[in-house]
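**Student:**
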Amino acid sequence: MFKLPKCPHCGESYTSAEVKENLRNKTFKCKSCKKPIANKRFAGRLILIPIAIVLVAGIDCLLFALLQENGTVPSVIVTFVLLLGEFFLQPYVCKYEKIDDDEK
Ligand SMILES: [Zn+2]
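According to our numbering, the stretch in the sequence shown is residues 36 to 139, in order.
(1) Who are the near neighbours of His11 in its chain, counting only those whose CB is closer than 8 Å to its CB and skipping five residues on each side?
(2) Got a sec: does ligand 1 put a non-hydrogen atom nearer than 7 Å to the Cβ of Lys61?
(3) Following the continuous alpha helix (DSSP H) through Lys55, name the residue where it begins and the one where it ends.
(4) Using CA coordinates, which residue listed in Arg59, Glu121, Phe63, Lys75 is at the minimum distance from Val89?
(5) Between the stretch 92-100 and the stretch 45-56, can you find at least three pairs of beta-carbon atoms closer than 8 Å?
(6) Check the DSSP bridge columns for Lys61 and list the partner residues they point to.
(7) In chain order, what residues place their C-beta within less than 5 Å of a heavy atom belonging to ligand 1?
(8) The alpha helix (DSSP H) that contains Ile82, what's its start and end?
(9) Locate the alpha helix (DSSP H) running through Glu121, then write down its first and last residues.
(10) In whole angstroms, what is the alpha-carbon distance linking Asp135 and Thr50?
Shown next as structure tokens:
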């Protein structure tokens, strides 16, 4: 699941920086074979976001139970770090799919 996507046409691999660059586009052309690719960027996020929310809620509850009124700052940090983590994992959960083009 946590793998960088590859071109479905030629198998060209992409770096996480390139995948992030492509996140803005629903479709783009392969850097190697120039064939159109559909960017299914939310395929994996549908799983990733609930996991992040559950983790944040769970850890925050734990911190408040352990630290009581002193738990605010650590829980804000934990929330921030996890959201940041989710952001950086984005390239690893998107999927590239073939677009059937009619142009020959
Ligand atoms: Zn390609």
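For glycine and all other residues, C-beta sits at the position ideal for the given N, C-alpha and C.
**Tutor:** From the atom records:
(1) The structure shown does not extend to residue 11, since the chain is modelled only from 36 through 139, so no value can be given for it.
(2) Short note on Lys61: C-beta not closer than 7 Å to any heavy atom of ligand 1.
(3) 51-57
(4) Glu121
(5) no
(6) Per DSSP, none; premise fails for Lys61.
(7) Residue list for ligand 1: Cys42, His44, Cys45, Glu47, Cys65, Ser67, Cys68 (CB closer than 5 Å to any heavy atom, chain order).
(8) 80-102
(9) 107-128
(10) 24 Å
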